[in-house]
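In the UniProt record's numbering, the protein residues as written are 1 to 119. Yeah, the Cβ is synthetic: ideal placement off N, Cα and C, and Gly gets one too. Contents: one structure, followed by commentary.
Written out as structure tokens, the structure reads:
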């Protein structure tokens, strides 16, 4: 017999204190439905793929002569690099596809930083 919808669900949750899913009603529902909760460290760079994108942008910008630029010109350069990254489907796709391995690795490292932050 096929597994029910709820048997296929795992709630992923950072342990940050301001998460909306920490509401008592939500917690009661998750517990009643026996939904497993996969927790990870708050603001984990390994599980927040935007941190990797931001890191790549920062690396590219660090190689450019940005000293002396006005703030408007600086932000124009940042925006240009961001737009270039958005158009590259390999970046988003590769980072998204790496999430299962990232989650497994963070779990095995008990929440410590892994090699993914440096990708």
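Q. Are the beta-carbon atoms of residue 38 and residue 99 separated by less than 9 Å?
A. no
Q: Can you give me the Cβ contacts of residue 114 inside the same chain, cut-off strictly under 8 Å, excluding the 5 residues immediately before and after it?
A: 46, 102, 105, 106
Q) If you check the beta carbons only, do residue 85 and residue 53 fall under 9 Å apart? A) yes
**Q.** Same chain, Cβ closer than 8 Å to residue 69, five either side skipped, listed in chain order
**A.** 77
Q.
Judging by CA-CA distance, which residue of 57, 97, 93, 92 is the nearest neighbour of residue 82?
A. 57
Q. Are residue 49 and residue 110 touching if we call contact CB-CB under 9 Å?
A. no
Q) Given that a residue counts as buried once 16 or more other Cβ atoms are within 10 Å of its Cβ, and exposed if not, what is residue 44? A) buried
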